[in-house]
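Using UniProt numbering, you'd call the opening residue of the sequence shown number 1 and step up by one each time.
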Amino acid sequence: MAVVTTRQLLESGVHFGHQTRRWNPKMKRFIFTERNGIYIIDLQQSLTYIDRAYAFVKDTVGRGGQVLFIGTKKQAQEAVAEQATRVGMPYVNHRWLGGMLTNFGTIAKRIQRLKELEVMDFDDVAASGLTKKELLGLRREKDKLEKTLGGIRDMAKTPQAVWIIDTKKEHLAVDEARKLRIPVIGILDTNCDPDEVDFAIPGNDDAIRSVSLLTRVLADAVAEGLVSRSGGSQTGAEAEVEPMPDWERELLGASQEPAGSVPDAQPAADAAPVPGDEQPGPAAVEAEQAADAQVDVEQQADAPAENTYDAAAGTTHQLTDQH
Numbered sequence: 001m002a003v004v005t006t007r008q009l010l011e012s013g014v015h016f017g018h019q020t021r022r023w024n025p026k027m028k029r030f031i032f033t034e035r036n037g038i039y040i041i042d043l044q045q046s047l048t049y050i051d052r053a054y055a056f057v058k059d060t061v062g063r064g065g066q067v068l069f070i071g072t073k074k075q076a077q078e079a080v081a082e083q084a085t086r087v088g089m090p091y092v093n094h095r096w097l098g099g100m101l102t103n104f105g106t107i108a109k110r111i112q113r114l115k116e117l118e119v120m121d122f123d124d125v126a127a128s129g130l131t132k133k134e135l136l137g138l139r140r141e142k143d144k145l146e147k148t149l150g151g152i153r154d155m156a157k158t159p160q161a162v163w164i165i166d167t168k169k170e171h172l173a174v175d176e177a178r179k180l181r182i183p184v185i186g187i188l189d190t191n192c193d194p195d196e197v198d199f200a201i202p203g204n205d206d207a208i209r210s211v212s213l214l215t216r217v218l219a220d221a222v223a224e225g226l227v228s229r230s231g232g233s234q235t236g237a238e239a240e241v242e243p244m245p246d247w248e249r250e251l252l253g254a255s256q257e258p259a260g261s262v263p264d265a266q267p268a269a270d271a272a273p274v275p276g277d278e279q280p281g282p283a284a285v286e287a288e289q290a291a292d293a294q295v296d297v298e299q300q301a302d303a304p305a306e307n308t309y310d311a312a313a314g315t316t317h318q319l320t321d322q323h
């Protein structure tokens, strides 16, 4: 399934290029036709190159890489910040500082300075031990650093790829990335040089809707790479088993308890039939019946004596009570 459709590209105006007098002859193979003095980009080729860039970004992020979003022109600032923040990637949407990639050690020190200033409380003059003028200067320094370096404050090292909108305007970023052999993914309008980009996407880099659509597609590739990265870390033979919560352990133990206690085996044993070879003979049955009759006679003979004794005892008790 395609990550984007031709209809979406048409509605966003990705097919509109620059005027015919402002073009780069190297982009001729990506041009479909010319209309009213404006070049029309071949969207079929754009779809093919979008799929290539999408697969590369997904694979790069899935292997633990990081993609830097770069777009300092007004049409791209909001889209770059929004989409990069959505997928947790660094971005630069204001002025590109020279050496952001080639001199990243110095940039890292400025990022550390920004983090130190963010901890300070500029409203508490007494606790800071500084004057209001000094605090105002520090606040301005913080605002300036946050504007230029706020998007890369969590970038610990140079990225594994860069996404650039308008390679002509961001030529400094393109040069630094090429010096460090960092793959460049960018939108190529009809006035750009395709040789400067490793993964080119022919399209309109001036329209807000076009820039937003292509940046969102690339951010979706990053998101899919992050999902595959997290899924791969959980599916391994050496993956740790997640501990079971206490409530789930108790519920599982209750379901494994026996439904009732084991019934007494004695009644079953008593009710079991006696084997045929152990059945008593006729003589034994007659002897047992005679013994039972003798016991009944003895019980009947003893009954009057007990009653007499009870009556005598009752009389004795009555006499004792009278005295």
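Ideal placement from N, C-alpha and C gives every residue a C-beta, glycine not left out.
Boundaries (first-last residue) of the beta strand (DSSP E) holding residue i
i, result
"A161", "A161 to I164"
"T33", "I31 to R35"
"F16", "F16 to Q19"
"F56", "It is not in any beta strand (DSSP E) - F56 instead sits in the alpha helix (DSSP H) that spans L43 to G62."
"V67", "V67 to I70"
"L97", "Taken as a continuous stretch (DSSP letters only), L97 belongs to no beta strand (DSSP E), as it is neither H nor E."
Start-to-end residues for the alpha helix (DSSP H) that takes in residue i
i, result
"E196", "Element bounds for E196: n/a, residue is neither H nor E."
"F104", "F104 to V119"
"R22", "Looking at the DSSP string, R22 is not in any alpha helix (DSSP H), and its letter there is neither H nor E."
"A2", "A2 -> no alpha helix (DSSP H), and no H or E assigned at all."
"E170", "Counting along the chain, E170 falls outside any alpha helix (DSSP H), and DSSP gives it neither H nor E."
"K157", "Where K157 is concerned, there is no enclosing alpha helix (DSSP H), given that its DSSP letter is neither H nor E."
"L149", "K132 to L149"
Cα-Cα separation between residue i and residue j, rounded to whole angstroms
i, j, result
"N24", "D193", "7 angstroms"
"F122", "L149", "20 angstroms"
"N191", "A223", "31 angstroms"
"I111", "A156", "10 angstroms"
"F30", "T20", "14 angstroms"
"Q75", "D189", "14 angstroms"
"N103", "R153", "15 angstroms"
"T215", "Q83", "7 angstroms"
"G137", "L130", "11 angstroms"
Close beta carbons around residue i, own chain, < 8 angstroms, minus the five adjacent residues each side
i, result
"G13", "N204, A207, R209 and S210"
"S261", "Low confidence applies to S261: its pLDDT is 46, below 50, so where it sits in the model is not reliable enough to give any reading."
Contacting residues, own chain, Cβ-Cβ under 6 angstroms from residue i (five flanking each side not counted)
i, result
"P183", "A161 and D198"
"I107", "M100"
"R229", "G62"
"L68", "P90, P159 and V162"
"V92", "I70 and G151"
"residue 325", "Nothing in the structure corresponds to residue 325, since the chain is present only between 1 and 323."
"L43", "T6, L9 and H15"
"W225", "At residue 225 the sequence reads Gly, which differs from the Trp that was named. Excluding positions up to five away in sequence, the list reads K58, V61 and G62."
"H142", "Checking the displayed sequence, the identity of residue 142 turns out to be Lys instead of His. Around K142: L117."
Rounded Cβ spacing between residue i and residue j (contact assumed at less than 8 angstroms)
i, j, result
"L117", "L97", "In fact, because the Cβ distance is near 17 angstroms, the residues do not count as touching under 8 angstroms."
"E170", "T72", "7 angstroms"
Local conformation of residue i per DSSP, three classes
i, result
"G186", "strand"
"L80", "It should be pointed out that residue 80 corresponds to Val in this sequence rather than to Leu. Three-state result, V80: helix."
"K92", "Looking at the sequence provided, one finds Val at residue 92 rather than Lys. In the structure shown, V92 sits in a strand (DSSP, three-state: E or B)."
"V274", "At V274, the pLDDT of 42 sits below 50, so the modelled position is not reliable; the number obtained from the coordinates is stated separately. If DSSP states are grouped into helix, strand and coil, V274 belongs with coil."
Proximity test, Cβ basis, 7 angstroms: residue i and chain D
i, result
"V67", "The structure shown contains no chain D; it holds only a single protein chain."
Neighbourhood of residue i by C-beta, 7 angstroms cutoff - its chain only, sequence neighbours within 5 removed
i, result
"D124", "none"
Residue i: CB within 6 angstroms of a non-hydrogen atom of the ligand NAP
i, result
"N204", "The ligand NAP is absent from the structure shown, which contains no ligand whatsoever."
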